[in-house]
Amino acid sequence: MRFFETKFLEEANKFISELKDPKIRKKILYNIDLAEQTNDPKLFKKLQNDIWEFRIKYTGFQIRLLAFWDKTDNKEILVIATHGFIKKVDKIPANEIDRAIKLRKKYYNNK
566 MRFFETKFLE EANKFISELK DPKIRKKILY NIDLAEQTND PKLFKKLQND IWEFRIKYTG
626 FQIRLLAFWD KTDNKEILVI ATHGFIKKVD KIPANEIDRA IKLRKKYYNN K
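The sequence shown begins at 566 in my numbering and counts up by one.
This is how it looks when you write it as structure tokens:
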């Protein structure tokens, strides 16, 4: 059973495709698939302003994909991944959350 389905905005796809190590890309997709099935807060966690993060750890890298819920379509429960980055500090930088909020606004304006 899936709790939700994930769609990727162009920025998220670009981030994943530009990662050099195919094992990292595979791990990201594996963790997202697992989060969709388990709804585990270790994999998918709420941050602030209704922005969530997919959490991926791989060989010392802390990779984050920020996302939001799109509940406008009653048929599917969608999570929209906005963009990704490699986390270098403990807290999620405010500019990354701001970027996710801007991408969410753009998504709804284009919908």
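By construction, the Cβ of each residue, glycine as well, lies at the ideal position given by its N, Cα and C atoms.
Nearest-angstrom Cα distance between residue i and residue j?
i	j	result
residue 622	residue 673	30 Å
residue 608	residue 617	10 Å
residue 641	residue 583	29 Å
Let me confirm a value: residue i is counted as buried when at least 16 other C-beta atoms fall within 10 Å, else exposed. Which label applies?
i	result
residue 629	buried
residue 645	buried
residue 651	exposed
residue 631	buried
residue 594	exposed
Taking the CB atoms as reference points, tell me whether residue i and residue j lie closer together than 8 Å.
i	j	result
residue 626	residue 604	no
residue 576	residue 624	no
residue 571	residue 601	yes
residue 666	residue 614	yes
residue 612	residue 581	no
(request) Enumerate, from N- to C-terminal direction, the unbroken beta strand (DSSP E) stretches of 3 or more residues contained entirely within the segment 628-669. (result) 643-652
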